[in-house]
Amino acid sequence: MRSLRDGTPASPGIVIGPARVLRWEVPQVPRGAGIPADKVAEEVQRFYDACAWAQQRIRELQEETRERLGVVEAQIFEPQLLMLEDADLIGGTEVYIRENFLTAERAFEWRVLEWEARWSHTAHPMVMDKLNDLADVQGRVLRRLLGLPEPELASFTGEDRVILVVRDLTPSLTAQLHEARVMGIAMDAGTRTSHSAILARSLSIPAVVSLGDFSGTVRSGDSLILDGRTGRVIIHPTDADLEAYSERDFKIREWEQELLLLAHLDSVTRDGARVSLRANIDLPGEAFSAAAHGADGVGLFRTEFLVVGRNAVPGEEEQFQAYCQVAEASRGAPVIIRTYDLGGDKFPAFLHKPPEENPFLGWRAIRVCLDEPELFRAQLRALLRSMAAHDVRVMLPLVNDIGEINATRAIMDSCLEELRREGKAVPDRYSLGAMIETPAAAISAAHLARHVDFFSVGTNDLVQYTLAVDRGNSRLAHLYDPFHPSVVRLLHSVAQAANEAGIEVGVCGELAADPVGAFMLIGMNVDSLSVGPAALAEIKKVIRSVSREEAARAVEDALQCATADDVRGALVSRLRSSIDLSLFAGAWSLSEAD
Ligand code: PEP
Ligand code: MG
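With the numbering used here applied, the sequence shown covers 5 to 598.
Printed below as a string of structure tokens:
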């Protein structure tokens with residue numbers, strides 16, 4: 005019988021075909037006697053040999069992935085390599101073998117269970133990814149120890165192309181997927197930013213994740229329609245479904261062609277208002293793809309890649325090179341670089357991570373930097389040096405009050421003096437902005453605006469802190485709503501405060517990448533929107549299709565609304581006259597529009 009499932013859209017595209025349910029498990033370790041004392045050294049050696057083999061195998065997979073998909077995709081294997089060198093995981097297993105006379109398999113299983121227990125109380129996507137990486141490492145080491153073969157996706161021979169239905173996919177399994185066999189992926193677990201979703205996008209395989217217990221309800225051979233733009237899967241579709249989706253597929257392909265042509269057109273509204281469209285990037289190399297997709301510079305360069313997973317503070321020179329690389333790729337357009345946003349589970353190995361009840365309300369972002377002068381000064385010096393030749397601007401994450409800005413300015417001024425004394429090229433003045441990510445910053449925006457050169461609103465955090473809803477908790481996903489009237493009012497007042505103070509205000513949270521969100525922000529008179537490279541073309545389309553005046557009227561309506569649904573309704577009803585919303589990938593508005 006026909007049924008529907010809605011999950012999270014993870015990789016766009018529509019596919020129609022048979023399901024292939026894949027079940028893979030971490031191998032069971034046989035229960036049995038331990039080892040005699042005189043075999044301990046041999047067992048420890050056997051364990052280290054299996055780890056070395058696993059590392060070697062992951063490096064091979066990483067290399068294949070680099071050649072096939074690129075450098076960024078290959079980095080997905082880094083956490084697994086780090087795990088295999090982790091003294092706590094690997095050394096801890098050795099201790100269990102030595103002290104408890106366990107077999108290597110049992111000892112490793114114990115240690116992994118302890119690691120899992122440490123993390124599994126949170127549903128944060130980054131933690132889910134870690135657990136998935138750990139399962140990948142665990143499976144590989146255990147299979148080696150037990151003499152079992154690697155799970156093979158290549159076993160899909162003799163069938164048509166299939167839609168893979170699976171509980172979860174490890175990076176190793178995803179990297180082996182082949183477009184020739186797998187036309188789509190439907191997954192019980194996962195998020196848009198999980199490793200497997202990133203790889204699916206790189207492979208251009210349509211995917212829907214977070215479908216709940218889907219693999220338990222579908223059987224191999226069931227016919228499916230999977231829409232990776234809206235996150236919908238239809239089981240046993242009717243003829244009418246098949247016809248409607250084939251037509252939709254055709255329209256979407258046409259739309260994608262149209263989007264390609266937009267890359268180098270100006271980012272202006274129909275009534276002539278310029279809204280700079282910039283890119284959010286995580287790695288320096290992404291600046292090239294952003295520029296190729298027509299970005300007007302970089303609105304958010306997350307610099308955590310320089311420190312996370314590292315054992316030592318990165319040198320000033322290495323950072324300087326990375327910042328210049330991004331600026332050069334952006335060809336004279338502004339590049340906004342965010343200082344380290346460490347915290348949560350993003351901690352470098354060289355900083356002592358405090359045990360915290362509530363890491364997202366804890367030692368995070370600007371708080372860490374101000375407490376760690378050695379780390380902060382090296383970053384600020386590198387940033388100041390890069391400003392000598394480029395339009396590089398600095399922004400601070402999670403600012404709560406003016407004291408944090410003044411403290412940063414004092415350090416920057418002293419770095420500037422120091423660099424001058426050393427004879428290094430530095431700019432006459434620098435541009436320093438604050439991210440508006442907490443209700444405290446938003447409510448005091450008018451005061452903050454007198455102390456900074458620009459605002460960049462981080463809606464991902466602003467929404468979570470305003471609504472007291474963890475942005476990574478999938479159980480609360482329905483409550484995490486950027487169109488909540490309180491969020492809308494805060495955003496409006498921040499934009500107004502910046503406009504009145506005459507400073508630039510941009511938005512770099514995910515809301516800017518949502519068509520309805522972008523429309524609302526344009527109506528609030530923001531100067532720039534910054535989105536991931538994949539969303540640039542669609543948001544350019546929104547900007548060019550609407551008028552600022554109409555958007556402002558929609559905002560006036562939205563500000564009168566008492567519920568998030570009413571806010572969305574007020575915005576969508578005006579936006580619909582300018583644009584066909586059903587064609588956009590993964591928008592909050594889409595479940596309604598479809
Ligand atoms: C935000 O909070 O909206 C933001 C852009 O920062 P991040 O997603 O890195 O926390
Ligand atoms: Mg943030």
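The beta-carbon is built from N, C-alpha and C at its ideal position, and this holds for glycine as well.
In this text the structure is predicted, and so the values were computed from the model without any measurement.
Looking at the backbone, the Cα of F380 and that of N410 are separated by about 14 angstroms. Take the alpha-carbon of A541 and the one of V571: they are about 25 angstroms apart.
Judged by DSSP secondary structure, V166 falls within the beta strand (DSSP E) whose first and last residues are 166–170. By the neighbour-count criterion, in which 16 or more other beta carbons inside 10 Å mark a residue as buried, S490 falls on the exposed side. Summarising the contact set, residues whose Cβ lies nearer than 6 angstroms to any heavy atom of the ligand PEP are, in chain order, L304, R306, D345, E441, G462, T463, N464, D465, C512, G513.
Straight across, the Cα-Cα distance linking G462 with D405 is about 16 angstroms.
Three or more Cβ pairs drawn from the region 10–17 and the region 183–199 lie within less than 8 angstroms of each other, which places the two stretches in contact.
Between the alpha carbons of V372 and S293 lies a distance of about 31 angstroms. The C-alpha of K544 lies about 7 angstroms from the C-alpha of L266. Partner residues in the beta bridge of V237, as assigned by DSSP, are R9, L230. The C-alpha of N362 lies about 14 angstroms from the C-alpha of Q468. Burial is judged here by how many other beta carbons sit within 10 angstroms of a residue's own beta carbon; F254 has fewer than 16 and is exposed. For P401, the distance from the CB to the nearest heavy atom of the ligand MG is below 7 angstroms. Beta-bridge partners assigned by DSSP to A283: V302, V535. Nearest C-alpha to E183 among I370, L168, A91, M191: L168. Judged by pairs of C-beta atoms under 8 angstroms, the region 217–233 touches the region 22–33, as three or more such pairs exist.
Leaving aside the five residues that flank E504 on each side, the residues in its chain whose CB is nearer than 8 angstroms to its CB run, in chain order, A450, A453.
Per DSSP, M391 has no beta bridge partner at all. With a beta-carbon spacing of about 7 angstroms, L402 and T442 fall inside the 8 angstroms limit used to define contacts. Taking the Cβ atoms as the reference, A555 lies roughly 12 angstroms from I583, outside the contact range of under 8 angstroms.
The beta carbon of A502 is closer than 6 angstroms to those of A453, F459, V509 in its chain, skipping five residues each way along the sequence. Around the beta carbon of A337, 16 or more other beta carbons sit within 10 angstroms, so the residue counts as buried. Residue environment for L400: buried (at least 16 other C-beta atoms within 10 angstroms of its C-beta). It is roughly 28 angstroms from the alpha-carbon of I39 to the alpha-carbon of Q84. Annotation: the region 182–215 contains the following complete segments of the alpha helix (DSSP H) (minimum length 4 residues), in chain order: 199–206. Contact annotation: the region 258–265 does not touch the region 239–248, with fewer than three C-beta pairs closer than 8 angstroms. For S460, the uninterrupted beta strand (DSSP E) run begins and ends at 458–461, by DSSP.
Under the three-state reduction of DSSP, P83 is assigned to helix. Setting aside the 5 residues that flank it on each side, S334 is surrounded in the same chain by A291, A295, G301, V302, each with a C-beta closer than 7 angstroms to its C-beta; the list follows chain order. According to the DSSP secondary-structure assignment, M399 is paired through a beta bridge with R342, G437.
C-alpha of P16 to C-alpha of S435: approximately 38 angstroms in a straight line.
Within a 10 Å sphere around the beta-carbon of N284 sit 16 or more other beta-carbons, which makes this residue buried. Cβ contact annotation for L420 (same chain, cutoff 7 angstroms, sequence separation greater than five): L388, V430, in chain order.
Secondary structure of L540 (DSSP, three-state): helix. Annotated as distal: V473 and I507, with beta-carbon spacing of 8 angstroms or more.
Contact between L533 and V279 holds, with the beta-carbon distance rounding to 6 angstroms and staying under 8 angstroms.
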